[in-house]
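A.B. asks: If you read the sequence shown in the working numbering, its first letter stands for residue 2, the second for the next number, and so on.
The beta-carbon is built from N, C-alpha and C at its ideal position, and this holds for glycine as well.
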Amino acid sequence: CLEKSCEADVSHHCGLTPDVFTLIGHAGVALMIFESGMHFDFERAMVVGPKACCVAVLGTILPLITGTILTVIYGKPLLPDGISVGTALAPTSVGIALRLLGEAGVLQQDFGQAIITAAFVDDILSLILFNVLFSLRGDFDVIKVVVFPVVGVIFMGIAMVGAVKFWPYVISDIILPRIPQKNASAKVSSSDEALFVIMFALLIVYGTITHFLGTHLWGCFIAGMSFACVKPLHHPHHVWVKQTKRMTSWMIRIFFACTVAFSIPVSKLLSIEAFLKGSLMGIGPCILTKVLCAPFMGDAKFVIGWAMVGRAEFAYLIAQMAAAGNMIDEDTFSICIWALLYATIFAPFIFRTVLNRYVARQGFAIAATGGAAAADGEAPEQGGIDEPKLGFVEDHMAHSSHQQPTKQKLDFGAQEAEQPATTYGKVAPAFEDIKLDLESSDTKPGRQPRKGKEQTHLERQGFGFFCCLFYKKVSW
2 CLEKSCEADV
12 SHHCGLTPDV
22 FTLIGHAGVA
32 LMIFESGMHF
42 DFERAMVVGP
52 KACCVAVLGT
62 ILPLITGTIL
72 TVIYGKPLLP
82 DGISVGTALA
92 PTSVGIALRL
102 LGEAGVLQQD
112 FGQAIITAAF
122 VDDILSLILF
132 NVLFSLRGDF
142 DVIKVVVFPV
152 VGVIFMGIAM
162 VGAVKFWPYV
172 ISDIILPRIP
182 QKNASAKVSS
192 SDEALFVIMF
202 ALLIVYGTIT
212 HFLGTHLWGC
222 FIAGMSFACV
232 KPLHHPHHVW
242 VKQTKRMTSW
252 MIRIFFACTV
262 AFSIPVSKLL
272 SIEAFLKGSL
282 MGIGPCILTK
292 VLCAPFMGDA
302 KFVIGWAMVG
312 RAEFAYLIAQ
322 MAAAGNMIDE
332 DTFSICIWAL
342 LYATIFAPFI
352 FRTVLNRYVA
362 RQGFAIAATG
372 GAAAADGEAP
382 EQGGIDEPKL
392 GFVEDHMAHS
402 SHQQPTKQKL
412 DFGAQEAEQP
422 ATTYGKVAPA
432 FEDIKLDLES
442 SDTKPGRQPR
452 KGKEQTHLER
462 QGFGFFCCLF
472 YKKVSW
């Protein structure tokens, strides 16, 4: 007990003064989670919310329970080892699902929106678990374990109301219209500069508040959600990505290469025992529980289930911080890494196969419906779904592949369409005239696009996937 107490004390002091690689890696994860929060769509969550929330709850609870039980079977204590492993297996990565759903062109279908909403709700639940988990370090403290998480949930509820009602009005109608404008030739407008400063300030404030409640990552996600409804919709995300994309991607690489990789005990990881136990943990609690988390979603249940299997930086962060905090030993940490690797490596391939087969089966019915409607002189229906609005996901896909976003017309309802479009109190240009300077090497003057860049979005289907472990595009 004295030895473990000393190790925990040393780990605590090391966490207060991390090395430069750990600091950069954790900062990258914070920026990534903030960007994920900006993707949250409150309107769509209202449509597919109930079933998607049930999927998210099952997708969080099942890995937590089964991972904890299996860890106890392996001979480890329930607290904190079992709960730590279960919490590390709970988060879902939305990146792979976003990429493949975008390539298949089914993001606006009901099951596509259910996947997106469930993944984000899963992230929120995992953040709450993460907060509770690291409140369990040391002796049981009612304030840290019970009161702080409850206060955090209340704070999140208030912040979500502010994201819908307060921040869109304050930012778009009060602050930004009063910012003096630069000349027309300026590369970055004054409004975008002010918006970026506001985003960064809110990120720091919310992160600091939730840091005292358990973890700063909770506040990062909430801060990102605060800009999800700021108009023009999705413009804050464009501004953020334009300024931080390259920096964040390198920080995430450093996180995996240094923060996680340096903390892995190689001799333990490469042992037969760790591999076998990690394989069982990966196939069962890590993969199978996610696949079976949507039994009530009809024909799309396995598509949704495999979409929830992917893991990314947040899951590895929980495992690494649990190991650094002396909450799990090296053997358990190695088993957890093997389990996460199974989901990270196999999820993209299997989800692509399941998704393509499902789209092929459903595509005949959609095409037949559209053809019949066209024959009757009516507008073809897309599987009973209204004309899709321009969503954040297509734009996110365009940013991820360094392409110019497809030009589409905004359609946010007839009432808004009848009124003049304004941007921060001024007449806004048509959406078709807005050009996003992504500073891509493929779009610089004097350079020809690489082979295949002239292909349309659907024609590029099947030519790559987003590998969240290394955070870079792998093409073949």
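Buried or exposed: aspartate 193, going by 16 or more other Cβ atoms within 10 Å of its Cβ?
C.D. replies: One-based indexing of the sequence shown puts residue 193 at position 192. Answer is buried; the Cβ neighbour count reaches 16.
A.B. asks: My guess is that isoleucine 223 and alanine 160 are in contact by the Cβ rule of under 8 Å, so how many angstroms apart are they, rounded?
C.D. replies: As a first step, residue 223 is located in the sequence shown; it is residue number 222 there, counting from the start. As a first step, residue 160 is located in the sequence shown; it is residue number 159 there, counting from the start. That pair is a contact at about 5 Å.
A.B. asks: Within 10 Å of its beta-carbon, does phenylalanine 350 have 16 or more other beta-carbons around it, so buried, or fewer, so exposed?
C.D. replies: As a working mapping, residue 350 is identified with position 349 in the sequence shown. By the neighbour-count rule (16 or more Cβ atoms within 10 Å), phenylalanine 350 is not buried but exposed.
A.B. asks: Below 8 Å CB to CB, which residues in the same chain sit around leucine 126 once its five sequence neighbours on both sides are set aside?
C.D. replies: What you label residue 126 is simply residue 125 of the sequence shown in a count that begins at 1. Excluding residues within five positions, the ones whose Cβ falls inside 8 Å are Ala57, Val58, Thr61 and Ala91.
A.B. asks: I think methionine 328 touches serine 85, with their Cβ atoms under 8 Å apart; what is that distance to the nearest whole Å?
C.D. replies: On the sequence shown, residue 328 is found 327 positions in, with the first residue counted as 1. On the sequence shown, residue 85 is found 84 positions in, with the first residue counted as 1. With 8 Å as the limit, methionine 328 and serine 85 qualify as a contact, their Cβ atoms being about 5 Å apart.
A.B. asks: Which value, in whole angstroms, describes the spacing of the CA atoms of glutamine 363 and tryptophan 251?
C.D. replies: As a first step, residue 363 must be located in the sequence shown, where it is residue number 362. As a first step, residue 251 must be located in the sequence shown, where it is residue number 250. If you take the alpha carbons of glutamine 363 and tryptophan 251, they lie about 39 Å apart.
A.B. asks: For my contact list, isoleucine 34 and leucine 218 are in at a C-beta cut-off of 8 Å; report their separation, rounded to the angstrom.
C.D. replies: For the purposes of this step, residue 34 is taken as the residue at position 33 of the sequence shown. For the purposes of this step, residue 218 is taken as the residue at position 217 of the sequence shown. Confirmed, Cβ separation roughly 5 Å.
A.B. asks: Output yes or no for whether 8 Å exceeds the beta carbon distance between leucine 128 and glycine 113.
C.D. replies: Counted from its first residue, the sequence shown places residue 128 at position 127. Counted from its first residue, the sequence shown places residue 113 at position 112. Cβ distance not < 8 Å, so leucine 128 and glycine 113 don't count as in contact.
A.B. asks: Please report whether the beta-carbon of lysine 232 lies at a distance below 8 Å from any beta-carbon of chain B.
C.D. replies: Absent from the structure is chain B; it holds one protein chain and no more.
A.B. asks: Can you find the residues in the same chain that come closer than 7 Å, C-beta to C-beta, to aspartate 332, ignoring five residues on each side of it along the sequence?
C.D. replies: Walking along the sequence shown from the start, residue 332 turns up at place 331. Here the set comprises Lys269 and Ala275.
A.B. asks: Taking only the alpha-carbon atoms, compute the straight-line gap between methionine 309 and aspartate 123 and give it to the nearest angstrom.
C.D. replies: In the sequence shown, counting from the first residue as 1, residue 309 sits at position 308. In the sequence shown, counting from the first residue as 1, residue 123 sits at position 122. Whole-angstrom Cα-Cα distance: 9 Å.
A.B. asks: So for proline 349, helix, strand or coil by DSSP?
C.D. replies: Here residue 349 refers to the residue found at position 348 when the sequence shown is read from its first residue. In this structure, proline 349 counts as helix in the three-state DSSP scheme.
A.B. asks: Hey, out of Gly106, Pro296, Ser227 and Arg358, whose CA is closest to lysine 52's CA?
C.D. replies: One-based indexing of the sequence shown puts residue 52 at position 51. Closest option to lysine 52, Cα to Cα, is Pro296.
A.B. asks: How big is the Cα-Cα spacing for glycine 83 and alanine 89?
C.D. replies: As a working mapping, residue 83 is identified with position 82 in the sequence shown. As a working mapping, residue 89 is identified with position 88 in the sequence shown. The alpha-carbon atoms of glycine 83 and alanine 89 are separated by roughly 10 Å.
A.B. asks: Tell me the DSSP secondary structure of threonine 216 in three-state form.
C.D. replies: For this step, residue 216 is matched to residue 215 along the sequence shown. If DSSP states are grouped into helix, strand and coil, threonine 216 belongs with coil.
A.B. asks: Report the three-state DSSP secondary structure of alanine 195 (helix, strand or coil).
C.D. replies: In the sequence shown, residue 195 corresponds to position 194, counting from 1. In this structure, alanine 195 counts as helix in the three-state DSSP scheme.
A.B. asks: Does DSSP put glutamine 321 in a helix, a strand or coil?
C.D. replies: Walking along the sequence shown from the start, residue 321 turns up at place 320. Correct three-state label for glutamine 321: helix.
A.B. asks: With a 10 Å radius around its C-beta and 16 neighbouring C-beta atoms as the bar for buried, classify leucine 177 as buried or exposed.
C.D. replies: Locating residue 177 in the sequence shown gives position 176, counting from the first residue. With 16 or more Cβ atoms within 10 Å of its Cβ, leucine 177 is classed as buried.
A.B. asks: For glycine 426, does the count of other Cβ atoms within 10 angstroms reach 16, so buried, or fall short, so exposed?
C.D. replies: Translated into positions along the sequence shown, residue 426 becomes position 425. Only weak support is given to the placement of glycine 426: the predicted model assigns it a pLDDT of 45, under 50, and the value that follows is read from those uncertain coordinates. Per the 10 Å Cβ criterion, exposed.
A.B. asks: So for serine 94, helix, strand or coil by DSSP?
C.D. replies: Translated into the one-based positions of the sequence shown, residue 94 becomes position 93. Correct three-state label for serine 94: coil.
A.B. asks: Looking at C-alpha atoms only, which residue of Pro78, Cys55, Phe22 and Ile117 is the closest neighbour of arginine 45?
C.D. replies: Against the sequence shown, residue 45 aligns to sequence position 44. Selected option, being the one with the closest Cα: Ile117.
A.B. asks: Give the secondary structure of cysteine 259 by DSSP, where H, G and I count as helix, E and B as strand, and everything else as coil.
C.D. replies: For the purposes of this step, residue 259 is taken as the residue at position 258 of the sequence shown. Three-state result, cysteine 259: helix.
A.B. asks: Is valine 107 helix, strand or coil when you go by DSSP?
C.D. replies: Taking the sequence shown and counting its residues from 1, the one referred to as residue 107 is at position 106. Looking at valine 107 - three-state DSSP - the assignment turns out to be coil, as it is neither helix nor strand.
A.B. asks: In chain order, what residues of the same chain lie with their CB nearer than 8 Å to the CB of proline 150, ignoring the 5 residues before and after it?
C.D. replies: Within the sequence shown, residue 150 is the residue found at index 149, counting from 1. Once the five neighbours on either side are set aside, the close Cβ partners of proline 150 are Ile129, Asn132, Val133, Ser136, Leu214 and Gly215.
A.B. asks: I'd like to check one pair, proline 237 with leucine 196: are the Cβ atoms closer than 8 Å?
C.D. replies: As a position in the sequence shown, residue 196 is number 195, starting the count at 1. As a position in the sequence shown, residue 237 is number 236, starting the count at 1. It is a contact, given that the beta carbons lie within the stated cut-off.
A.B. asks: Which term fits threonine 354, buried or exposed, when burial requires 16 or more other beta carbons within 10 angstroms of its beta carbon?
C.D. replies: On the sequence shown, residue 354 is found 353 positions in, with the first residue counted as 1. So threonine 354 ends up on the exposed side.
A.B. asks: Once DSSP output is grouped into helix, strand and coil, what is the label at proline 150?
C.D. replies: To locate residue 150, count along the sequence shown from 1; it is residue 149. Note: proline 150 maps to helix in three-state DSSP.
A.B. asks: Quick check on the burial criterion: 16 or more other C-beta atoms within 10 angstroms. Buried or exposed for serine 335?
C.D. replies: Here residue 335 corresponds to residue number 334 of the sequence shown, with the count starting at 1. Classification of serine 335: buried, given that the 10 Å Cβ count is 16 or more.
A.B. asks: Take every Cβ of the segment 62-70, pair it with every Cβ of the segment 287-296, and state whether three or more of those distances are shorter than 8 Å.
C.D. replies: Result yes; three or more Cβ-Cβ pairs closer than 8 Å.
A.B. asks: Do you know how far the Cα of isoleucine 172 is from the Cα of alanine 31?
C.D. replies: On the sequence shown, position 30 is the one that residue 31 refers to. On the sequence shown, position 171 is the one that residue 172 refers to. So the two alpha carbons sit approximately 23 Å from each other.
A.B. asks: Under a three-way DSSP split, which group does serine 272 fall into?
C.D. replies: For the purposes of this step, residue 272 is taken as residue 271 along the sequence shown, with counting starting at 1. Of the three classes helix, strand and coil, the one that applies to serine 272 here is coil, per DSSP.
A.B. asks: By DSSP, does aspartate 330 sit in helix, in strand, or in coil?
C.D. replies: Taking the sequence shown and counting its residues from 1, one reaches residue 330 at position 329. DSSP places aspartate 330 in coil when its eight states are reduced to three.
A.B. asks: In its own chain, which residues sit with a C-beta less than 7 Å from the C-beta of leucine 204, not counting the 5 before and 5 after it?
C.D. replies: As a working note, residue 204 is residue 203 in the sequence shown. For leucine 204, where only same-chain residues beyond five positions count, the Cβ hits under 7 Å are Phe35, Cys221 and Ala224.
A.B. asks: Using DSSP with H/G/I as helix, E/B as strand and the rest coil, what is phenylalanine 121?
C.D. replies: Walking along the sequence shown from the start, residue 121 turns up at place 120. Looking at phenylalanine 121 - three-state DSSP - the assignment turns out to be helix.
A.B. asks: By how many angstroms is the C-alpha of aspartate 111 removed from the C-alpha of tyrosine 359?
C.D. replies: Taking the first residue of the sequence shown as position 1, residue 359 is located at position 358. Taking the first residue of the sequence shown as position 1, residue 111 is located at position 110. Looking at the two C-alpha atoms, the distance is approximately 13 Å.
A.B. asks: Assign valine 227 to one of two classes, buried (16 or more other C-beta atoms within 10 Å of its C-beta) or exposed (fewer than that).
C.D. replies: One-based indexing of the sequence shown puts residue 227 at position 226. According to the sequence shown, residue 227 is serine rather than valine. Its Cβ being crowded by 16 or more others within 10 Å, serine 227 is buried.
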